[in-house]
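Student: There's a structure below that I have some questions on.
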Amino acid sequence: MHGEYKVPGGKLVVVDLEERDGRIADFRLAGDFFLEPDEALGAIDAAVNGLPATASATEIGEAIKAGLPADATLLGFTPESVGVAIRRALQHASSFADYEWTIIDDEPRLPLLHVALDEVLTEEVGAGRRGPTLRFWNLAGPAVYLGSFQSYKNEVEPEAAERHGIPVLRRITGGGAMFSEPDNAITYSLYVPGDLVQGMSFQDSYAFLDAWVIEALKALGIDAFYAPLNDITSAKGKIGGAAQKRLASGAVLHHATMSYDIDADKMTEVLRIGKEKLSDKGTTSAKKRVDPLKSQTGMEKAAVQEALKGTFRRLFGGADGALTDAELQTATERIRTKFGTEEWLHRVP
């Protein structure tokens with residue numbers, strides 16, 4: 000069995016192994032990482048051989064830590080990343096390059112339709128009617144997007160939202176509320192089979208699915224990195240945040256919104272951003288916490304979005320595609336029955 004895992008911001012971890020009587024055998028680690036002393040490689044192999052094939056990535060990582068020499072230095076990878084590669088090998092996980100990708104950069108549509116499309120397109124991938132897809136949201140209006148489990152009354156100032164003409168919506172993914180306007184945000188969604196993130200914890204999968212974005216931002220001169228659990232950030236401030244939903248079919252929705260520009264005054268009027276939420280962010284102001292792409296690149300929004308698509312194509316390929324009439328019809332119906340209802344919006348009062 001063979002498995003690979005590119006550590007986000009790090010190196011490639013490659014494993015080869017067999018499974019015998021429910022245990023890992025003939026394990027060998029390789030990759031373009033750095034490891035000292037040389038004997039540490041054999042120590043890792045020895046620590047893994049004989050472990051239960053059901054061991055989690057965390058359990059494998061702990062076994063490796065226990066088996067490493069005291070003076071061992073690992074650069075570009077971690078014991079846990081070896082565990083991820085092993086889990087992916089044992090569960091026959093796929094990689095980005097294994098798929099033929101569709102990239103949709105669609106016409107501007109209302110935020111409510113985008114929210115519904117996320118659910119519909121994830122279902123289509125899960126049913127095998129659509130292949131893995133990267134879709135950029137182009138917005139025809141502003142919105143506040145509540146996380147699936149957030150309280151409406153705790154997150155939104157309804158009077159301010161109404162005064163500014165900003166609809167409040169609820170998405171199917173967890174995470175925090177997002178405020179976006181057409182010219183100020185870049186949002187994309189990935190609709191992927193569950194095999195792409197086999198063997199990964201939720202935390203690992205967030206960084207894995209957004210690694211191409213970090214590479215794209217670095218190419219634009221931004222010192223970007225991933226901050227667990229789900230923040231795309233830089234030394235100058237947060238750029239964006241991601242969220243996920245995994246369906247029973249195994250299909251995964253992963254989307255992220257990055258600030259291109261921001262009306263911080265309007266955002267803080269509409270959203271209730273409390274001190275508790277900011278307490279572990281090293282700042283007392285939501286305005287200071289965000290540093291948008293416009294100020295960091297000096298580029299037009301369309302040019303930044305094209306650069307993101309270009310990086311994705313360079314790494315994984317991808318053909319231009321479009322939404323189908325059936326998908327649009329289903330999403331419109333889903334607005335009527337779910338996303339446009341008061342019951343859904345106030346499912347957590």
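Residue 40 in numbering that gives the first Met the number 0 is what sits at position 41 of the sequence shown, and the numbering runs on without skipping anything.
Here a beta-carbon is modelled for each residue, glycine too, at the ideal position from N, C-alpha and C.
Treat the numbers as computed from the prediction; the structure is a model and nothing was measured.
#1: Could you work out which residue in Thr186, Arg169, Pro291, Ala45 is closest to Phe135 when comparing CA atoms only?
#2: Identify which residue in Ser200, Lys300, Leu133, Asn153 has its Cα closest to the Cα of Leu322.
#3: In whole angstroms, what is the alpha-carbon distance linking Phe33 and Pro227?
#4: Short of 7 Å in beta carbon distance, which residues of its chain neighbour Asp25, apart from the five on each side in sequence? Order them along the chain.
#5: Could you check whether the Cβ of Glu268 sits closer than 8 Å to any heavy atom belonging to the ligand SAH?
#6: Return the Cβ separation of Val81 and Ile103 in integer angstroms, given the expectation that the two are a contact with Cβ distance under 8 Å.
#7: Which same chain residues end up closer than 6 Å to Arg108 when comparing Cβ atoms and leaving out the 5 residues on each side of it in sequence?
#8: Under the three-state reduction of DSSP, which class applies to Asp222: helix, strand or coil?
#9: Let me check understanding here. Comparing Cα to Cα, which of Gly193, Ile63, Leu89 lies closest to Gly2?
#10: Return the residue from the list Thr57, His254, Met298, Asp262 that minimises the CA-CA distance to Ala218.
#11: What does the Cβ neighbour count give for Ala234, buried or exposed, with the cut at 16 atoms within 10 Å?
#12: Here's a check: name, in chain order, each residue in its chain whose Cβ is nearer than 7 Å to the Cβ of Phe178, leaving out the five neighbours to either side.
#13: State the Cα-Cα distance for the pair Thr329 and Ile63, rounded to the nearest angstrom.
#14: Mapping the DSSP letters down to three states, classify Trp211 as helix, strand or coil.
#15: Pop quiz: Ala46 and Ala65 are said to be a contact at Cβ under 8 Å. What is the actual Cβ separation, rounded to whole angstroms?
#16: Quickly, what does DSSP pair His253 with across the bridge? List them, please.
#17: Less than 9 Å separating the beta-carbons of Val363 and Ala84?
#18: Would Gly193 and Ser248 be called neighbours here (beta carbons separated by less than 9 Å)?
#19: What does the alpha-carbon distance come out to for the pair Asp20 and Asn48?
#20: For Asn137, which option in Leu73, Glu180, Thr296 has the closest C-alpha, if you only look at C-alpha atoms?
#21: Only counting the same chain, and skipping five residues up and downstream in sequence, which positions put a Cβ closer than 7 Å to that of Asp319?
#22: How many angstroms separate the CA atom of Ser150 from the CA atom of Thr340?
#23: What separation, rounded to the nearest whole angstrom, lies between the Cα atoms of Trp343 and Gly8?
#24: Measure the C-alpha to C-alpha separation of Ser55 and Asp230 and round it to an integer number of angstroms.
#25: If Glu161 and Glu326 are in contact, beta carbons under 8 Å, what's the gap, nearest whole angstrom?
#26: What does a CB cutoff of less than 6 Å around Arg245 pick up in its chain, not counting 5 residues either side in sequence?
#27: DSSP has Met177 in a bridge; who is on the other side?
#28: Which residue marks the beginning of the beta strand (DSSP E) containing Trp136, and which one marks its end?
#29: Count the other CB atoms, across all protein chains shown, that sit within 10 Å of the CB of Glu275; report buried if there are 16 or more and exposed otherwise.
#30: Please report the residue range of the beta strand (DSSP E) in which Phe32 lies.
#31: Just tell me which of Gly174, Asp117, Thr72, Met0 has its CA closest to the CA of Ile23.
#32: Indicate the three-state DSSP secondary structure (helix, strand or coil) for Arg128 in the structure shown.
Tutor: Taking the geometry as given:
#1: Against the sequence shown, residue 135 aligns to sequence position 136. For Phe135, the nearest C-alpha among the options comes from Thr186.
#2: If you number the sequence shown from 1, residue 322 lands on position 323. Of Ser200, Lys300, Leu133, Asn153, the smallest CA-CA separation from Leu322 is found for Leu133.
#3: Numbered from 1 along the sequence shown, position 34 holds the residue referred to as residue 33. Numbered from 1 along the sequence shown, position 228 holds the residue referred to as residue 227. Between the alpha carbons of Phe33 and Pro227 lies a gap of roughly 23 Å.
#4: The count along the sequence shown starts at 1 and reaches residue 25 at position 26. If we look at Asp25 and ignore the five residues flanking it on each side, its Cβ neighbours are Leu16, Glu17.
#5: The ligand SAH is absent from the structure shown, which contains no ligands of any kind.
#6: Position 82 of the sequence shown, counting from 1, holds the residue named residue 81. Position 104 of the sequence shown, counting from 1, holds the residue named residue 103. By a beta-carbon distance limit of 8 Å, Val81 does not contact Ile103. Their separation comes to about 36 Å.
#7: As a working mapping, residue 108 is identified with position 109 in the sequence shown. Spatial neighbours of Arg108 in its own chain (CB-CB distance under 6 Å, excluding positions within 5 residues in sequence) are listed in chain order as Ala139.
#8: Against the sequence shown, residue 222 aligns to sequence position 223. Asp222 falls in the coil class under three-state DSSP.
#9: Numbered from its first residue, the sequence shown carries residue 2 at position 3. Considering only alpha carbons, the answer is Leu89.
#10: As a working mapping, residue 218 is identified with position 219 in the sequence shown. Comparing Cα-Cα distances from Ala218 to each of Thr57, His254, Met298, Asp262, the minimum goes to Met298.
#11: Locating residue 234 in the sequence shown gives position 235, where the first residue counts as 1. Per the 10 Å Cβ criterion, exposed.
#12: The count along the sequence shown starts at 1 and reaches residue 178 at position 179. If we look at Phe178 and ignore the five residues flanking it on each side, its Cβ neighbours are Val143, Met266, Val269, Leu270.
#13: The sequence position of residue 329 within the sequence shown is 330, counting from 1. The sequence position of residue 63 within the sequence shown is 64, counting from 1. Each residue's Cα considered, the two are about 49 Å apart.
#14: For the purposes of this step, residue 211 is identified with residue 212 of the sequence shown, where counting begins at 1. Judged by DSSP in its simplified three-state form, Trp211 adopts helix.
#15: On the sequence shown, residue 46 is found 47 positions in, with the first residue counted as 1. On the sequence shown, residue 65 is found 66 positions in, with the first residue counted as 1. Indeed they touch by this definition, with Cβ atoms about 7 Å apart.
#16: For the purposes of this step, residue 253 is identified with residue 254 of the sequence shown, where counting begins at 1. Answer is Leu189, Gln243.
#17: Because the chain in this structure spans residues 0 to 348, residue 363 falls outside the shown range and cannot be described.
#18: Within the sequence shown, numbered from 1, the residue matching residue 193 stands at position 194. Within the sequence shown, numbered from 1, the residue matching residue 248 stands at position 249. Ser248 sits close to Gly193, with the two beta carbons spaced by under 9 Å.
#19: Here residue 20 refers to the residue found at position 21 of the sequence shown. Here residue 48 refers to the residue found at position 49 of the sequence shown. Taking the straight line from one Cα to the other gives about 12 Å.
#20: For the purposes of this step, residue 137 is taken as the residue at position 138 of the sequence shown. That would be Glu180, whose Cα lies nearest to the Cα of Asn137.
#21: For the purposes of this step, residue 319 is taken as the residue at position 320 of the sequence shown. Excluding sequence neighbours, Asp319 sits near Ile102.
#22: Here the question's residue 150 lines up with position 151 in the sequence shown. Here the question's residue 340 lines up with position 341 in the sequence shown. Ser150 and Thr340: Cα-Cα distance of roughly 16 Å.
#23: In the sequence shown, counting from the first residue as 1, residue 343 sits at position 344. In the sequence shown, counting from the first residue as 1, residue 8 sits at position 9. Those two C-alpha atoms are separated by around 38 Å.
#24: Walking along the sequence shown from the start, residue 55 turns up at place 56. Walking along the sequence shown from the start, residue 230 turns up at place 231. Their backbone Cα atoms lie some 25 Å apart in a straight line.
#25: Against the sequence shown, residue 161 aligns to sequence position 162. Against the sequence shown, residue 326 aligns to sequence position 327. Actually they do not touch by this definition, with Cβ atoms about 31 Å apart.
#26: Translated into the one-based positions of the sequence shown, residue 245 becomes position 246. The residues are Val251.
#27: As a position in the sequence shown, residue 177 is number 178, starting the count at 1. DSSP, once it has assigned bridges, lists Tyr144 as partnering Met177.
#28: As a working note, residue 136 is residue 137 in the sequence shown. Counting along the chain, Trp136 sits inside the beta strand (DSSP E) bounded by residues 132-136.
#29: In the sequence shown, counting from the first residue as 1, residue 275 sits at position 276. For Glu275, the predicted structure reports a pLDDT of 35, less than 50, and the residue's modelled location is therefore unreliable. A value from the coordinates is still provided. Burial check for Glu275: the Cβ neighbour count within 10 Å stays below 16, so the residue is exposed.
#30: Walking along the sequence shown from the start, residue 32 turns up at place 33. Phe32 -> no beta strand (DSSP E), and no H or E assigned at all.
#31: The residue labelled residue 23 in the question sits at position 24 within the sequence shown. Closest option to Ile23, Cα to Cα, is Met0.
#32: If you number the sequence shown from 1, residue 128 lands on position 129. Coil.
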